[in-house]
Amino acid sequence: MEQLKLAALDLEDLAVVSAHVQDAVLSVGDIRFLPREKTAVLVMNRFVWTSGKDKRTGQYERRRAALSVHRVQSMRSSNIEQSDKAQVLELLAVTFDTGEDPAGTLTLTFAGGGVMALDVECIEVQLADLGAAWGTNNKPTHFLG
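In structure tokens form, the structure reads like this:
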């Protein structure tokens, strides 16, 4: 499968990006906010839901990827220990709440109750794979209730 490169400039695009990063894992140390550039970058290992299980190896696929959020005015988090750079986070969804259009808050929701909120001038998000895929035996599961 070719490397993924996506851009999101509206809610519909953002839903596609969110689907591609669902169940991505990253460490707190892989999150950077660059205030001068008004950019936040999260480097993650995303689960490739679109590839399914390999018939030959029986494995699923993960890829190293970068999620870049542009036009960020401020960034805050809750239930994430920012001093613990090795803390592993599992990304569940990326959503947007409109403020004074086109501005709003981009929210990254993590398993275990962690939340990262980015106040942005508008939706401008990029997702790009950074290299080759590797196999994993572990498929993320979600329990309701």
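In my numbering, the protein residues as written are -13 to 131. All C-beta atoms, glycine included, are put in the ideal place defined by N, C-alpha and C. Since we're looking at a predicted model, the values are computed, not measured.
Alpha carbon to alpha carbon, how far is Ala5 from Met61? Give it in angstroms, no decimals. The straight-line gap from Cα to Cα measures roughly 22 Å.
Using the C-alpha atoms, what's the distance from Thr93 back to Leu75? 14 Å
At what residue ranges does the region 3 to 86 contain a whole run of the beta strand (DSSP E), taking only runs of 3 or more? DSSP runs (the beta strand (DSSP E)) wholly in the region 3 to 86: 10 to 13, 17 to 20, 25 to 33, 46 to 56, 58 to 64, 74 to 84.
At which residues does the beta strand (DSSP E) containing Leu92 begin and terminate? 90 to 96
Ala(-7), enclosing beta strand (DSSP E) - first and last residue: -9 to -6
Determine the direct distance from the alpha carbon of Ser69 to that of Gly98, and round the result to whole angstroms. 17 Å
Using 8 Å for Cβ pairs, my map puts Val11 next to Asn31. What's the rounded Cβ distance? 5 Å
Nearest-angstrom Cα separation, counted from Leu(-8) out to Glu47: 18 Å
Would the beta-carbon of Gly121 fall within 8 Å of that of Gln45? yes
CA-to-CA distance, Arg50 to Pro88, given in whole angstroms: 30 Å
Could you work out which residue in Ile17, Glu(-2), Lys125, Lys71 is closest to Leu104 when comparing CA atoms only? Of the listed residues, the one whose Cα sits closest to Leu104 is Ile17.
Closest residue to Gly90 among Asn65, His56, Phe96 (Cα-Cα distance): His56
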